[in-house]
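Engineer: Quick note on our numbering: the sequence shown kicks off at 46 and runs consecutively.
All residues carry an ideal CB built from backbone N, CA and C; glycine is no exception.
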Amino acid sequence: MRFNVPVMANILSVLLIMNGILMLLCIPISLSYNEGDLAGISLASAITLGTGFMMWFSTRKIKDKELKKRDGYLIVTLGWFLMSLFGSLPYILSGAIPNFTNAFFETISGYSTTGASILTDIESVHKGILFWRSLTQWIGGMGIIVLAVAVLPILGIGGMQLFVAEAPGISPDKLQPRIKETAKRLWLIYIGLTGIETVLLWVGGMTFYDAINHALTTMATGGFSTKNASIAYYTSPFIQYVIIVFMFLAGTNFTMTYFIFKGYFKKVFSNEEFKYYVLFCSFNALLVAFTIYFVSDSSFEKSFRDGLFQVVSVVTTTGYVSADYTSWTPFLTVLFFVLMFFGASAGSTAGGVKIVRHVILFKNSVLELKRQIHPSAVIPVRFNKKAITRDITFNILAFIMIYISVFGVGSVAIAATGVDFMTAIGSVATCLGNIGPGLGTVGPVDNFAHLPVVAKWILSFLMLVGRLELFTVLMLFTPYFWRKHS
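This is the structure:
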């Protein structure tokens, strides 16, 4: 057998059961506000749990539990697709988003932590559904697959292959020797930071409901808000600075966050990726702040806050909006478009290319000039004082090339549906990078509702491809992957 189908079905059943249980967390919200979404959410949870348990019971006695790497990649892709498919049920069954295409788009935008939305009036949506919307991003932020890794050993199934497939190429350092312990510690940090941000936002003036929703989507670097105007609704500097700090933390390698909690500050500040991440955000924030200050009548503090907020929001691929950056100047519009191709740290909840890939690519390009002068010299690329293998360098080169190719093909495909040039490139860049707001008619103050059906499905696919860092999904379309191996 090419794939271990029974064990794959067993793992997918666990993911569906988890998804169904998490839907139940929305029921107290629905009961509290009593807006009529209780039946839809309850039925969606029942269908998801029922399907999950049927799959689990039919595969619970499997004997061959060996999980190969190919199985892991297929499970990750199928897992995200099934989660999005069943995750769209609360929208459909409650009537919040009755159209299947729109419901699936909103859901995969949540799980992929993209934040692109088709909702035209968010504040009119029932509170229970909006909480589920935020929860999909929180689940997707760390990865439902990583959560399952902590549970799979109970079933006697190793989870290392899934963790590798979840973050191929440049992956986070393991905090503990066993992947199960790594997953647990990642989630403890994730839950802890979400709780701290909730309290701070609540103290800062948000309602508890809004505070927990924004904390969920901030830590996921997702960007779904309960307000039509996003964070621009809140004029409080305290609230905006709190969100800036937690967006930045969410875009930091969680290994570094773990070191911060342990007091290993020397390890943090000596980490090359972290230093470049801080410098990159700082430089661009100041550039944007000074530009805003000189072209508008805003105070320097307001200019600095808006510049810092939007730069951190785009670089971390959160996608919150405190101001319409496309209305500032053409220079800043282009700058933010370029920032969409960077991303934050590897091992964070952020999407995009990631800072580490850009740094290694730049270093390799500079060293290639030296190699031209001294062709016989062995000059390795170093990162964090360690030599990077040629395999990793080639992997990064391939990733960047494929990323640009997917962006180009995707832009042409979206334009072929009748969408204008600026909207086409903006929507593809933001969905592939899992950011949220784009350019053109899908800018910071707009949404994706008006796009053609075909365009929404293309962008949904790109969100999944971007979230799983290209290779995991795209390799499924190669003949070699499906070929029987000995």
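Taking the continuous beta strand (DSSP E) assigned at R528, which residues delimit it?
Structural biologist: In the sequence shown, the residue the question calls residue 528 occupies position 483. Per DSSP, R528 belongs to no beta strand (DSSP E) and is neither H nor E.
Engineer: How should E111 be labelled, buried or exposed, when 16 other C-beta atoms within 10 angstroms of its C-beta is the threshold for buried?
Structural biologist: For this step, residue 111 is matched to residue 66 along the sequence shown. Flag for E111 reads exposed.
Engineer: So, is V6 buried or exposed, given that buried needs 16 or more other C-beta atoms within 10 angstroms?
Structural biologist: Lying before the first or after the last residue shown, residue 6 is absent from the chain, which here runs from 46 to 531.
Engineer: I433 by DSSP, collapsed to three states: which one?
Structural biologist: Position 388 of the sequence shown holds residue 433. Strand.
Engineer: Exposed or buried, which one is A256 when buried takes at least 16 other CB atoms within 10 Å?
Structural biologist: Reading the sequence shown from its first residue, position 211 is the one you call residue 256. By the 10 Å Cβ count, A256 comes out buried.
Engineer: How would you call W527, buried or exposed, if buried means at least 16 neighbouring beta carbons within 10 angstroms?
Structural biologist: Counting from one through the sequence shown, the residue named residue 527 turns up at place 482. Exposed.
Engineer: Along the chain, where does the alpha helix (DSSP H) containing F345 start, and where does it finish?
Structural biologist: Locating residue 345 in the sequence shown gives position 300, counting from the first residue. Here the alpha helix (DSSP H) through F345 covers 345-360.
Engineer: From what residue to what residue does the beta strand (DSSP E) around V426 run?
Structural biologist: Taking the sequence shown and counting its residues from 1, the one referred to as residue 426 is at position 381. First-last of the beta strand (DSSP E) with V426: 426-428.
Engineer: Assuming N49 and M128 make a contact with CB atoms under 8 angstroms, what is their CB distance in whole Å?
Structural biologist: Taking the first residue of the sequence shown as 1, we reach residue 49 at position 4. Taking the first residue of the sequence shown as 1, we reach residue 128 at position 83. Going by Cβ atoms, the distance from N49 to M128 rounds to 21 angstroms, so no, they are not a contact pair.
Engineer: Helix, strand or coil for F522, going by three-state DSSP, please let me know.
Structural biologist: In the sequence shown, counting from the first residue as 1, residue 522 sits at position 477. Of the three classes helix, strand and coil, the one that applies to F522 here is helix, per DSSP.
Engineer: What residue does the alpha helix (DSSP H) around I400 start on, and which one ends it?
Structural biologist: In the sequence shown, the residue the question calls residue 400 occupies position 355. Per DSSP, I400 belongs to the alpha helix (DSSP H) from 400-418.
Engineer: Could you pull out every residue in the same chain whose Cβ sits closer than 7 angstroms to the Cβ of P143, ignoring the five residues on either side in sequence?
Structural biologist: The sequence position of residue 143 within the sequence shown is 98, counting from 1. Correct list, in chain order: I137.
Engineer: Roughly how many angstroms lie between the CA atoms of W373 and F339, to the nearest whole one?
Structural biologist: If you number the sequence shown from 1, residue 373 lands on position 328. If you number the sequence shown from 1, residue 339 lands on position 294. Going from the Cα of W373 to the Cα of F339 covers about 11 angstroms.
Engineer: So, for S390: in the same chain, excluding its five sequence neighbours on each side, which residues have a beta-carbon less than 8 angstroms away from its beta-carbon?
Structural biologist: As a first step, residue 390 must be located in the sequence shown, where it is residue number 345. Cβ neighbours of S390 beyond the five flanking positions: G296, T297, N298, M301, E318, F319, Y322, K399, I400, V401.
Engineer: Could you name the residues of the same chain whose beta carbon sits closer than 7 angstroms to that of L245, not counting the 5 residues immediately before and after it, in chain order?
Structural biologist: As a working mapping, residue 245 is identified with position 200 in the sequence shown. Here the set comprises V287.
Engineer: Report the option in A265, S367, L70, Y279 whose CA atom is closest to the CA atom of G250.
Structural biologist: By one-based count along the sequence shown, residue 250 stands at place 205. Of the candidates A265, S367, L70, Y279, the one whose C-alpha sits nearest the C-alpha of G250 is Y279.
Engineer: Would you please state the rounded distance, in angstroms, between the beta carbons of L88 and I62? I believe it to be under 8 angstroms.
Structural biologist: Locating residue 88 in the sequence shown gives position 43, counting from the first residue. Locating residue 62 in the sequence shown gives position 17, counting from the first residue. That belief does not hold up - the Cβ atoms of L88 and I62 are roughly 16 angstroms apart, past 8 angstroms.
Engineer: How is N329 classed by DSSP in three states: helix, strand or coil?
Structural biologist: Reading the sequence shown from its first residue, position 284 is the one you call residue 329. Here N329 sits in helix by DSSP.
Engineer: Between G511 and S154, which are expected to be in contact by the criterion C-beta below 8 angstroms, what is the C-beta distance as a whole number of angstroms?
Structural biologist: The residue given as residue 511 occupies position 466 in the sequence shown. The residue given as residue 154 occupies position 109 in the sequence shown. The pair is not a contact, with the Cβ atoms about 11 angstroms apart (cut-off 8 angstroms).
Engineer: Where does M205 fall in DSSP's three states?
Structural biologist: The residue you call residue 205 lines up with position 160 of the sequence shown. The pLDDT assigned to M205 is 45, lower than 50, so where the model puts this residue is not dependable; a value taken from the coordinates is nonetheless given after this. Reduced to three states, the DSSP call for M205 is helix.
Engineer: Within the same chain, show all residues whose beta-carbon is closer than 8 angstroms to that of R105, passing over the 5 residues directly before and after it, in chain order.
Structural biologist: Start at 1 with the first residue of the sequence shown, and residue 105 comes out as number 60. Result list for R105: N55, in chain order.
Engineer: CB-CB under 6 angstroms to S179, same chain, minus the five flanking residues each way: which ones, in chain order?
Structural biologist: Taking the sequence shown and counting its residues from 1, the one referred to as residue 179 is at position 134. Excluding sequence neighbours, S179 sits near N258, L261, T262, F269.
Engineer: When the Cα atoms are used, what is the spatial distance from F444 to D82?
Structural biologist: Taking the sequence shown and counting its residues from 1, one reaches residue 444 at position 399. Taking the sequence shown and counting its residues from 1, one reaches residue 82 at position 37. Spanning the two alpha carbons is a distance of roughly 43 angstroms.
Engineer: Around the Cβ of L324, are there at least 16 other Cβ atoms within 10 angstroms (buried) or fewer (exposed)?
Structural biologist: Residue numbering aside, residue 324 sits at position 279 when the sequence shown is read from its first letter. Flag for L324 reads exposed.
Engineer: Would the stretch 167-185 and the stretch 68-76 be scored as touching if the rule is three or more Cβ pairs under 8 angstroms?
Structural biologist: The stretch 167-185 vs the stretch 68-76: in contact.
Engineer: To test your reading of the DSSP string, which unbroken alpha helix (DSSP H) runs of 4 or more residues are found completely within the stretch 420-496?
Structural biologist: As far as the stretch 420-496 is concerned, its whole alpha helix (DSSP H) runs of at least 4 residues are 435-461, 466-477.
Engineer: Please confirm if T434 has its CB atom under 7 angstroms from at least one CB of chain D.
Structural biologist: Within the model displayed, chain D is absent; a lone protein chain is all it includes.
Engineer: Could you name the residues of the same chain whose beta carbon sits closer than 6 angstroms to that of T486, not counting the 5 residues immediately before and after it, in chain order?
Structural biologist: Mapped onto the sequence shown, residue 486 falls at position 441. For T486, where only same-chain residues beyond five positions count, the Cβ hits under 6 angstroms are T468.
Engineer: Could you tell me the boundaries of the alpha helix (DSSP H) in which A391 lies?
Structural biologist: Residue mapping note: residue 391 aligns to position 346 of the sequence shown, counting from 1. Where A391 is concerned, there is no enclosing alpha helix (DSSP H), given that its DSSP letter is neither H nor E.
Engineer: Using the three-state DSSP reduction, which class does Q221 fall into: helix, strand or coil?
Structural biologist: Counting from one through the sequence shown, the residue named residue 221 turns up at place 176. Any reading at Q221 needs caution, since the residue's pLDDT is 49, under 50, leaving its predicted position unreliable; the model's value is listed next. It is coil, neither helix nor strand.
Engineer: By alpha-carbon positions, which one of L406, I337, R47, G488 ends up nearest to M446?
Structural biologist: Here residue 446 is taken as the residue at index 401 of the sequence shown, counted from 1. Among L406, I337, R47, G488, the Cα nearest to that of M446 belongs to L406.
Engineer: With a threshold of 6 angstroms on Cβ separation, who are the neighbours of A432 within its own chain once the five nearest residues in sequence on each side are excluded?
Structural biologist: Translated into the one-based positions of the sequence shown, residue 432 becomes position 387. P425.
Engineer: Determine the direct distance from the alpha carbon of A161 to that of N492, and round the result to whole angstroms.
Structural biologist: Indexing the sequence shown from 1 puts residue 492 at position 447. Indexing the sequence shown from 1 puts residue 161 at position 116. Each residue's alpha carbon lies about 7 angstroms from the other.
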